[in-house]
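In terms of our numbering, the sequence shown opens at residue 461 and continues consecutively.
Beta carbons are placed, not taken as given, at the ideal position from N, Cα and C, and that holds for glycine.
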Amino acid sequence: MNKKDYQQQYYIDHREGIRERRRLWWIAQIETYRGEKRQKRQVENMSKINKVTLNRWRWKRRLHLISLLGSKCRKCGIDDPRVLQINHINGNGIKDYKKRGSNGLYNDILSGKRRKDDLELLCANCNVLYEYEQGRRYAGLGLDKD
Ligand SMILES: [Zn+2]
């Protein structure tokens, strides 16, 4: 019996077993594929939910913080929370953020651990102008004066 005939004979003799093993192998492949897809989808959904929840939570905290600090820009009076920023009156902002991170800083203010009389609200525009006035930004074209 040559090799080809032997293989054919073997197949005929073991047909059921071979088919069954092949079927099981395919089922396993499909299950793995489905499992991976499901897992991927779950991870995607999770991160989507977390992002939305986190974002909402951050905004709630921000709004709370803004209300504690007077709810409007000290200079121009705009009260849209989307443009309001916390300004350090004596310019220690970077040091403060480095020490505690914005998260830690916000939490400290909200929990009353940190005083807030050296903080004020400015809108994004007024904040930039304030930095020019303080000499922390410099255009050098005679535009820097108030
Ligand atoms: Zn303003």
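Quick one: what's got a C-beta closer than 7 Å to residue i's C-beta in the same chain, skipping five residues either side?
i, result
"Q594", "G551"
"Y471", "I478"
"G553", "none"
Please report how far the alpha carbon of residue i lies from the alpha carbon of residue j, in whole angstroms.
i, j, result
"G495", "G477", "26 Å"
"L544", "L581", "6 Å"
"R521", "N567", "9 Å"
"E504", "W485", "28 Å"
"L601", "K511", "43 Å"
"R498", "K464", "43 Å"
"K558", "N585", "24 Å"
"H474", "A488", "21 Å"
"G572", "P541", "21 Å"
"K576", "Y493", "55 Å"
"K555", "I490", "55 Å"
"S562", "G537", "24 Å"
"L523", "R483", "59 Å"
Indicate the three-state DSSP secondary structure (helix, strand or coil) for residue i in the structure shown.
i, result
"N515", "helix"
"H548", "strand"
"L529", "coil"
"L589", "helix"
"L565", "helix"
"L484", "helix"
"L570", "helix"
"L601", "coil"
Looking only at its chain, what residues have a beta carbon closer than 8 Å to the beta carbon of residue i, apart from the 5 residues adjacent to it on each side?
i, result
"I549", "D578, L579 and E580"
"L529", "I546, K576, L579, E580 and L581"
In chain order, what residues of the same chain have a beta carbon less than 6 Å from the beta carbon of residue i, not counting five sequence neighbours either side?
i, result
"R597", "E591"
With distances taken from each beta carbon to the nearest heavy atom of ligand 1, which residues come in below 6 Å, in chain order? Chain-ordered list of matching residues: C533, K535, C536, I538, L582, C583, N585 and C586.
Taking 8 Å as the threshold, find out whether the stretch 506-515 comes into contact with the stretch 526-543 through three or more Cβ pairs. These segments do not touch.
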